[in-house]
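Beneath this line is the structure, given in structure tokens, with notes to follow.
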Amino acid sequence: MGPNLVEYLKYEAENTGIAWITFNRPERRNALMGNSQEKGTVAKVGEYMRAADDDPDVRVIVLTGEGQ
């Protein structure tokens, strides 16, 4: 079974017009994983970006990472 992407990525859209996509895999320096279209962090980031694009209140998307 593959990794649980919910643990590695967080999506938050604030009422301030900011959507945050946070990579939460500091032990791997927040590296992306998975190369298939259906799986992996790359596909999940795309899903979150589409969600932000579909939200009329979101004006900016911030990509950030946990850890140092």
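Be aware that the sequence shown starts at 189, since it is given in our numbering, and climbs by one per residue. Note that the Cβ used here is the ideal one computed from N, Cα and C, for glycine as well.
- prompt: Does the beta-carbon distance from alanine 144 to alanine 207 come in below 8 Å?
  reply: Residue numbering for the chain in the displayed model covers 189 to 256; residue 144 lies beyond these limits and cannot be assessed.
- prompt: If you follow the beta strand (DSSP E) that threonine 210 is part of, which residue opens it and which one closes it?
  reply: Its beta strand (DSSP E) spans residues 206-211.
field: DSSP-derived helix/strand/coil call for glutamate 200
entry: Note: glutamate 200 maps to strand in three-state DSSP.
Buried versus exposed, by CB contacts within 10 Å (16 or more), threonine 182: Here the chain has residues from 189 to 256 only, and residue 182 is not among them.
message: I'd like to know whether the C-beta atoms of arginine 213 and tyrosine 236 end up nearer to each other than 8 Å.
response: Going by C-beta atoms, arginine 213 is not nearer than 8 Å to tyrosine 236.
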